[in-house]
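*Asks:* Residues in the sequence shown are numbered from 1 upward in steps of one, following my numbering.
After the structure tokens below, expect a handful of questions from me.
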Amino acid sequence: MGYKNSGVYEVLCKCYLNFDQLDECETTAIEALREYPEERPMLYWYAGCPLASRGRYDEALEMIEKAVQLAPDDDFFKQCSVSFQGWKEDAEKAAQQMQETVSSDDLPNTSAGGDNITIADNFLLAGDYARAVREYEAVPLNERTKQWYAHITQALIEEKKFAQAEMLLKKAIAAFPNSNCLLNNMGMRYYRDSKYKKAISFFDQAIAARSGQNAKKKEKQLLSGALEAYFNKALCLVELGSHQKAIDIYEQLITIEPADASYHYELGHAYYCAQKTWFSIGHHRLAYDLGLRTAGVYGGLCCAYIKAGFKELALHIAAEGLEKHPDVEGIYENAAETRLESGELKKVLAILKQGLKRFPESAALKKLLGRAEEETRKSGEGLRQISRDAGKAPQSTKQNKLASRCCPEGCR
Numbered sequence: 001m002g003y004k005n006s007g008v009y010e011v012l013c014k015c016y017l018n019f020d021q022l023d024e025c026e027t028t029a030i031e032a033l034r035e036y037p038e039e040r041p042m043l044y045w046y047a048g049c050p051l052a053s054r055g056r057y058d059e060a061l062e063m064i065e066k067a068v069q070l071a072p073d074d075d076f077f078k079q080c081s082v083s084f085q086g087w088k089e090d091a092e093k094a095a096q097q098m099q100e101t102v103s104s105d106d107l108p109n110t111s112a113g114g115d116n117i118t119i120a121d122n123f124l125l126a127g128d129y130a131r132a133v134r135e136y137e138a139v140p141l142n143e144r145t146k147q148w149y150a151h152i153t154q155a156l157i158e159e160k161k162f163a164q165a166e167m168l169l170k171k172a173i174a175a176f177p178n179s180n181c182l183l184n185n186m187g188m189r190y191y192r193d194s195k196y197k198k199a200i201s202f203f204d205q206a207i208a209a210r211s212g213q214n215a216k217k218k219e220k221q222l223l224s225g226a227l228e229a230y231f232n233k234a235l236c237l238v239e240l241g242s243h244q245k246a247i248d249i250y251e252q253l254i255t256i257e258p259a260d261a262s263y264h265y266e267l268g269h270a271y272y273c274a275q276k277t278w279f280s281i282g283h284h285r286l287a288y289d290l291g292l293r294t295a296g297v298y299g300g301l302c303c304a305y306i307k308a309g310f311k312e313l314a315l316h317i318a319a320e321g322l323e324k325h326p327d328v329e330g331i332y333e334n335a336a337e338t339r340l341e342s343g344e345l346k347k348v349l350a351i352l353k354q355g356l357k358r359f360p361e362s363a364a365l366k367k368l369l370g371r372a373e374e375e376t377r378k379s380g381e382g383l384r385q386i387s388r389d390a391g392k393a394p395q396s397t398k399q400n401k402l403a404s405r406c407c408p409e410g411c412r
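What follows is the structure, encoded as structure tokens:
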């Protein structure tokens, strides 16, 4: 099947892992290690990642230890070992918690509180936060665990009931002061309320709680179990304009989980904000290719393409985004803005008419409409205004305000 050396094997493994083809990645890495057991430490990492993802932590740790032996000065492999060990510990704790929920005669807990928690968790996963909160509140006081506090406050934050979430989190953190998830939720409470500096202070506490070390420690290595807190901290740094600091964190996250599309998406956004358009395109495209097809990804790609001068690509991705996410207001902004850049005024007006039927109170769409009508008058096309007809349509009950974090304002 052609010439292969250790370098070719490593590139193959990287490609397989980037596209989440774990079986192929593991098989190729093992095949390479049979021939080249001491040439490339990264091959042990490529063999270990699929094992860890399947819960075979001992085997994954064995692979990483071999990489550490071959490259004792490489901090990356040491951190991977710490990460895998943390995942193993988390899995063991989860298994223990699961066992504790079972009664002494090995029958599942069928108490009313247990039923409410199960139903509430399902609503939380489905994004029905109001119903999730109601079910969590029905759980008896004596059955309200740390997990209960973490989940109900998550739902309350999504509902933007920040004061209620904060009250419960303060009570929970007093009982569980070193809880990574509770501290992280408190950080999210402030992040969603646009209080970014205060949010960072709680994300740092979450990192310190997970590591057992000082949160002021230099972040050359990301700490096992604290990846979510680092990720959320980077979100705040972008909002505060500290783009390079956020970029550094996202790049480290990607070295640990290279196939996580959300990391590439947020890194693409950070690069866009830092005026590094080509890097932004690359990581937005990686997020797209890894299967993340949210409104934000479409919006980010569209804006980056426009900024780089790729109008045809921008038109294509804007049209696809509009087809996939017709209930997101910002998608109409992206599509109209792209057509406006290309001078396609009739299509701009058609898109805005469609958007204003769904979002008749949208100031952004009305502003774009004014621009489009002015351009139409200047061009002599003489098309009629459409705002009067659009304003008669009923307002959407679900206001998905923004299509991307890049253009014009963005959403997660």
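Yeah, the Cβ is synthetic: ideal placement off N, Cα and C, and Gly gets one too.
Quick one, are the C-beta atoms of residue 240 and residue 196 less than 7 Å apart?
*Replies:* Cβ distance < 7 Å, so residue 240 and residue 196 count as in contact.
*Asks:* Could you check the C-alpha separation between residue 35 and residue 116 for me, to the nearest Å?
*Replies:* Those two C-alpha atoms are separated by around 55 Å.
*Asks:* Mark residue 233 as exposed unless 16 or more other C-beta atoms lie within 10 angstroms of its C-beta, in which case mark it buried.
*Replies:* Buried, by the Cβ-count rule.
*Asks:* For residue 238, name the three-state secondary structure that DSSP assigns.
*Replies:* Looking at residue 238 - three-state DSSP - the assignment turns out to be helix.
*Asks:* By the three-class DSSP mapping on this structure, what secondary structure does residue 139 have?
*Replies:* In this structure, residue 139 counts as coil in the three-state DSSP scheme.
*Asks:* By how many angstroms is the C-alpha of residue 369 removed from the C-alpha of residue 201?
*Replies:* Their backbone Cα atoms lie some 42 Å apart in a straight line.
*Asks:* Can you give me the start and stop residues for the alpha helix (DSSP H) that residue 179 sits inside?
*Replies:* Here residue 179 belongs to no alpha helix (DSSP H), and DSSP marks it neither H nor E.
*Asks:* Just to check my reading of the structure: residue 318 and residue 294 have Cβ atoms closer than 8 Å, yes? What is that Cβ distance to the nearest angstrom?
*Replies:* Not confirmed; about 14 Å, so no contact.
*Asks:* CA-CA distance, residue 310 and residue 344?
*Replies:* Taking the straight line from one Cα to the other gives about 16 Å.
*Asks:* Could you tell me how far apart the beta carbons of residue 133 and residue 156 are, in whole angstroms, since I believe they sit closer than 8 Å?
*Replies:* Their Cβ separation, rounded to whole angstroms, is 6 Å, which keeps residue 133 and residue 156 in contact under 8 Å.
*Asks:* CB residue 267 to CB residue 283, shorter than 7 Å?
*Replies:* Contact: yes.
*Asks:* Do you know offhand how far residue 363's Cα is from residue 207's?
*Replies:* Using only the alpha carbons, I get a separation of about 40 Å.
*Asks:* Throw me the rounded Cβ distance for the residue 320 and residue 298 pair, which I believe falls under 8 Å.
*Replies:* Rounded, the Cβ-Cβ distance is 7 Å, consistent with contact.
*Asks:* Buried or exposed for residue 314, please, with buried defined as at least 16 other CB atoms from any protein chain shown within 10 angstroms of its CB.
*Replies:* By the 10 Å Cβ count, residue 314 comes out buried.
*Asks:* Using only CA atoms, which one of 44, 21 and 23 lies nearest to residue 10?
*Replies:* Checking every option, the nearest Cα to that of residue 10 belongs to 44.
*Asks:* Count the other CB atoms within 10 Å of the CB of residue 379; is the residue buried (16 or more) or exposed (fewer)?
*Replies:* Exposed, since its Cβ has fewer than 16 Cβ neighbours within 10 Å.
*Asks:* Enumerate in chain order the residues of its own chain whose CB-to-CB distance from residue 131 is below 6 Å, with the five nearest sequence positions on each side excluded.
*Replies:* For residue 131, where only same-chain residues beyond five positions count, the Cβ hits under 6 Å are 123.
*Asks:* Going by beta-carbon coordinates alone, are residue 300 and residue 264 separated by less than 7 Å?
*Replies:* No, these two residues do not count as a Cβ contact at 7 Å.
*Asks:* Where does the unbroken alpha helix (DSSP H) through residue 377 begin, and where does it stop?
*Replies:* It spans 363-379 - the alpha helix (DSSP H) in which residue 377 sits, taken as one unbroken run.
*Asks:* In terms of residue numbering, what span does the alpha helix (DSSP H) encompassing residue 56 cover?
*Replies:* No alpha helix (DSSP H) holds residue 56; DSSP gives it neither H nor E.
*Asks:* Could you tell me which uninterrupted alpha helix (DSSP H) segments, each at least 4 residues in length, are contained entirely in the segment 248-326, listed from first to last along the chain?
*Replies:* Listed in chain order, they are 261-273, 277-289, 295-308 and 311-324.
*Asks:* Using the Cα positions of residue 182 and residue 61, report the straight-line distance between them to the nearest angstrom.
*Replies:* Cα to Cα, the separation comes out at about 29 Å.
*Asks:* Give me the Cα-Cα distance between residue 371 and residue 354, rounded to the nearest whole angstrom.
*Replies:* Near 16 Å, if we compare the C-alpha coordinates of residue 354 and residue 371.
*Asks:* Between the alpha carbons of residue 347 and residue 366, how many angstroms are there, rounded?
*Replies:* Their Cα atoms are separated by approximately 16 Å.
*Asks:* Any idea if residue 180 is buried or exposed, counting beta-carbon neighbours within 10 angstroms, 16 or more meaning buried?
*Replies:* Label assigned to residue 180: buried.
*Asks:* Relative to the C-alpha of residue 275, which candidate in 31, 303, 258 and 40 has its C-alpha closest?
*Replies:* That would be 303, whose Cα lies nearest to the Cα of residue 275.
*Asks:* In whole angstroms, what is the alpha-carbon distance linking residue 13 and residue 22?
*Replies:* Those two C-alpha atoms are separated by around 9 Å.
*Asks:* In its own chain, which residues sit with a C-beta less than 6 Å from the C-beta of residue 42, not counting the 5 before and 5 after it?
*Replies:* So the qualifying residues of the chain are 10.
*Asks:* Got a sec? Which residues, its chain only, sit under 6 Å from residue 288 by beta carbon, not counting five neighbours each side?
*Replies:* Closer than 6 Å at the Cβ level, and outside the excluded window around residue 288, lie 297.
*Asks:* Would residue 231 pass as a contact of residue 189 if the rule is Cβ separation under 7 Å?
*Replies:* Not closer than 7 Å, so no.
*Asks:* At the level of alpha carbons, what is the spacing between residue 82 and residue 256?
*Replies:* Whole-angstrom Cα-Cα distance: 11 Å.
*Asks:* Based on Cα-Cα distance, which residue from 38, 308 and 87 lies nearest to residue 58?
*Replies:* When each option's Cα is compared against that of residue 58, the closest is 87.
*Asks:* What are the boundary residues of the alpha helix (DSSP H) that includes residue 171?
*Replies:* Element bounds for residue 171: 162-175.
*Asks:* Just to confirm the assignment: which complete alpha helix (DSSP H) runs, minimum length 4, are found wholly within the segment 25-61?
*Replies:* Listed in chain order, they are 42-53.
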